[in-house]
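Shown next, in structure tokens, is the structure this report addresses.
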Amino acid sequence: MASATESTKQRQRVLVQGIVQGVGFRPFIYTQAARLGLAGFVCNDSQGVTIEVEGTVEALADLQRALREQAPPLARIDSIAVELLALRHDESFVITHSQSQSERHALISPDTATCADCLRELFDPTDRRYHYPFINCTNCGPRFTIVQDVPYDRAMTTMRAFPMCPACQVEYDDPGNRRFHAQPNACPLCGPQVSLTIWGEADEEKLITPGVDALDAAARQLASGEVLAIKGLGGYHLACDALNEAAVRQLRGRKHREAKPFALMALDLETVRRLCQVNEAEAALLQAHRRPIVLLAQQPVCPVASGVAPASSTLGMMLPYTPLHHVLLHAFAQSVPADRPAVLVMTSGNMSEEPIAYQDDDAHSRLRAIAGGMLSHNRTIHMRCDDSVVRVAGGGEQIFRRSRGYAPEPFQIAFELPVPLLACGGHLKNTFCLGKGNRAFLSHHIGDLENVATLTSFREGIEHFQRLFAIAPEAIAYDLHPEYLATKYALDSALTPQIGVQHHHAHIASVLAEHGLSGPVIGVAADGTGFGTDGAVWGCEIMRADLCAFERLAHLTYVPLPGGAQAVRQPWRMAATYLAQTYGDAFVDLDVPFTRQLDRAKWRTLSQMIEHGLNCPPTSSLGRLFDAVSALLGLRTEVVYEGQAAIELEVLAETAQQAGMRECGSYPFTIGQGTLALLDVTPVIRALVDDMQRHVPAREIALRFHYTVADLLATACSEARERTGLDSVALSGGIFQNRLLLERLQERLEGMAFKVLINRRVPPNDGGLSFGQLAVAAAQLQRQ
Ligand SMILES: [Zn+2]
Ligand SMILES: [Zn+2]
């Protein structure tokens, strides 16, 4: 006969799914089991973590509570399934080895910034890992960038090349140690090593410094004005002293990057505050374990070199996120005068337009022309991963590039995908998205799909994700633009069905899906370029949208896009086009600087192209309207990257706000009638030109223009509400990276009692397209 205690005993099998591998989950369970006197085992398997455990009903309930309330900081539990088993009378609790199974549901954690415990050891002269640039533990270190296959075990990572020394092995095997089964565990004796190579003239390598001295030597090189290539977590950076004008200019020149701001890495938060204004939410993002680049407003007097972020009022700042960065920044701070902020330019290691270098040979050959030397190491990066970029706007986090520290963490979808899916994304800022069950894996940043190198990384990324997450897609989603390489990839694939998703529908769907909604809502897509179902270049669309379908309710009146892509590079073309729409050919006689400086011959050619409809697709792009106003105000007639003119217009408008101007009215516009209402901005252009002729300051005009666009979109939403009865609005598209416009519109809409949804965890720009495409394709398949 069983005793009383026996009869209250149970054995359970607990399957925990989510991000539970490589985040200290098994030691956590082990510790809990020891505390509660439970017996059994825990192991990683391809579905997550399986726990078999027996003990009193009370102790088992306690374990469940601990799972829910005390899981390790990096763990994300998606589900816990419990099953009762027959008692096996285990005597102790053990951690058993990983099992490989055909089903692979395990999730790989993103790369994680050095934790406080590791930092303490890193700067403790008595610790055996003092200044060792690869220190890590179960709570921090490389993950996604070193994983080659699942389950997540050392043998499946690029750390396999470094057999652990006895001291590291003891830590690794001890369930009570914070490095228990920390797969990248290493020390100066057994782990990866850094080295600094200074390149000489011709091909010779002048000087090689191995080991930890390399970091001091590199810091001195940087302090003396040198540009170095530095191998980080997901690729190489190009670095130089951010306060050194000559070094920054040299880097910009050699990298062929004329205008885009460089990201910076500062020693600590205090140093960031000397350069930028940092509020509480921004400080939290800077210090978060994901460690993104955070866009911050510059201090009125900011000591960084003027070449870091030309014509920009913000700086992209990050804090050190690997031990290598921590040690380097400390050494750098000691190499420059004590009162000088220790800040390095840390821009991606590539020539403009190429993907970031991450393989050593490739970095050596491509970066040699840019840098004077290379601080490298011998731990292989398996997956390239750029820094992520975020900003605080509209009362929360907005993400512009979702990559290191975020990918490959999946999103939960509110419904079960009918089949595994692949969505190929867009052309610029490409990402792809794979989905299965109720999870969507949005890839790291791939880049602009404009060259072979990026296309290769797109293909390889898809294969890697398919293997890692065991997803064999049975349908494929793509953008309607026939010339996008991602679209061609989809149409050339053997997968069917192939589901074309309109660009702006995908943007709006990305908002819905990230909020767990299926619509319908009023969607406002404000964008640069997206292929419309009528073949026009869309970009300012008010739609009634749910995940399955959309109906276009209103759009910006079409104007010709003279020369297609050329018009994107040359905003003066759009200014002239809008003036011609407003005033006819007589616009050339207007007395404003733009027309006085206009090259009449060039305009004649352009106007003939427009007249004959030669390479002049109609466009409703809001981005092009911003370009037109920017050129009209004399800010910029040509740009080197899309959005540049609009960004500078926003900066100008902000200066008006900073000068104390809050309410300055807006320009008149008209909204047409009918099932497809036209948003006509010719009255805006006319009033704006009047302002110019009355010599109203350009910054005031820029601000009034921003307010006008917000009013125009808010009014269009109000009319859409009357037609549809909907009172939720979803905002998406690249234009909503403009904070001034976003916040003004949000305020307007909320004032009109709309519920406003915006992208928080997915980029509003084309980096979020693939996620929206996936949601649309899934919803359409589900309905069939
Ligand atoms: Zn750690
Ligand atoms: Zn070791």
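All residue numbers for the sequence shown refer to our numbering, where the first residue is 870 and numbers rise by one.
Ideal placement from N, C-alpha and C gives every residue a C-beta, glycine not left out.
Query                                                                                                                            : Result
Exposed unless 16 or more other CB atoms sit within 10 angstroms - verdict on K1075                                              : exposed
Beta-carbon proximity list for P941, same chain, < 8 Å, skipping 5 on both sides                                                 : V892, G893, F894, F897, T1007 and N1008
For A871, three-class secondary structure by DSSP                                                                                : Note that A871 scores a pLDDT of 43, beneath 50, so its modelled location is shaky and nothing firm can be said.
Proximal residues to A1567 (C-beta, below 6 Å), its chain only, five neighbours per side dropped                                 : L1502
I1015 beta carbon near ligand 1 (any heavy atom closer than 8 Å)                                                                 : no
Rounded C-alpha distance that separates P1192 from D1137                                                                         : 13 Å
CA-to-CA distance, H1050 to Y899, given in whole angstroms                                                                       : 12 Å
Cβ shell of S872 (< 6 Å), same chain only, five flanking positions each side left out                                            : With a pLDDT of 47 at S872, under the threshold of 50, the modelled position of this residue cannot be trusted, and the question is left open.
A1691 versus L1097, G1602, M1187 and A1546, residue with shortest Cα-Cα distance                                                 : The structure shown does not extend to residue 1691, since the chain is modelled only from 870 to 1653, so the question has no answer here.
Per-residue DSSP class, three states only, for Y1041                                                                             : helix
Identity of the residue in N1113, Y1105 and A1200 nearest Q1228 by Cα                                                            : Y1105
Beta-ladder partner(s) of H1199, from DSSP                                                                                       : Paired residue(s): none; H1199 is not in a bridge.
Contacts around M1243, its chain only, beta-carbon distance under 6 Å, and the 5 residues preceding and following it disregarded : T1066 and A1098
Reduced DSSP secondary structure (H/G/I, E/B, other) of Q1168                                                                    : coil
Top-ranked residue by Cα proximity to G1069, from L1381, R1143, E1095 and A1583                                                  : E1095
Beta-carbon proximity list for K878, same chain, < 7 Å, skipping 5 on both sides                                                 : E923, G924, T925 and L956
Per-residue DSSP class, three states only, for E1243                                                                             : Note that residue 1243 corresponds to Met in the displayed sequence, not to Glu. Reduced to three states, the DSSP call for M1243 is strand.
Option in D1458, Y1447, A1262 and Q1513 with minimal Cα separation from R1629                                                    : A1262
Cβ-heavy atom distance, A1051 to ligand 3, below 8 Å                                                                             : Ligand 3 is not part of the structure shown, which contains ligand 1 and ligand 2 as its ligands.
Distance between A1108 and N1005 (C-alpha atoms, nearest Å)                                                                      : 24 Å
Among S915, R1260, L1364 and H1233, nearest to L1290 - alpha-carbon criterion                                                    : L1364
Given S915 as reference, the closest of L884, Q1156, D1110 and L905 once Cα atoms are compared                                   : L884
DSSP three-state assignment for K1624, whether helix, strand or coil                                                             : strand
Inter-stretch contact (C-beta, 8 Å, three-pair minimum) for the segment 1367-1385 and the segment 1401-1410                      : yes
Residues sharing a beta bridge with H1106, DSSP                                                                                  : I1099 and S1217
Option in Y1347, V1625, D1361 and V1558 with minimal Cα separation from S1639                                                    : Y1347
Segment contact, 8 Å Cβ cut-off, at least three pairs: the segment 1640-1648 with the segment 1290-1302                          : yes
Stretch-stretch touch, CB-based, cutoff 8 Å, three pairs: the segment 1036-1047 with the segment 1179-1186                       : no
Inter-residue CB distance, A1232 and G1218 (contact presumed, cutoff 8 Å)                                                        : 6 Å
P1342 versus D1361: straight-line alpha-carbon distance, rounded                                                                 : 15 Å
Delimiting residues of the beta strand (DSSP E) encompassing E921                                                                : G917 to T925
8 Å contact criterion, which L1318 and V1214 should meet: CB distance rounded                                                    : Incorrect: roughly 27 Å between the Cβ atoms, too far for contact.
Boundaries of the beta strand (DSSP E) in which M1443 is found, first to last residue                                            : Premise fails: M1443 lies in the alpha helix (DSSP H), P1440 to Y1452, not in any beta strand (DSSP E).
C-beta contact flag for A1444 and F1463 at 9 Å                                                                                   : yes
Residues of its chain near G1265, where Cβ-Cβ distance is below 7 Å and the 5 sequence neighbours each way are ignored           : R1629
For S1362, three-class secondary structure by DSSP                                                                               : coil
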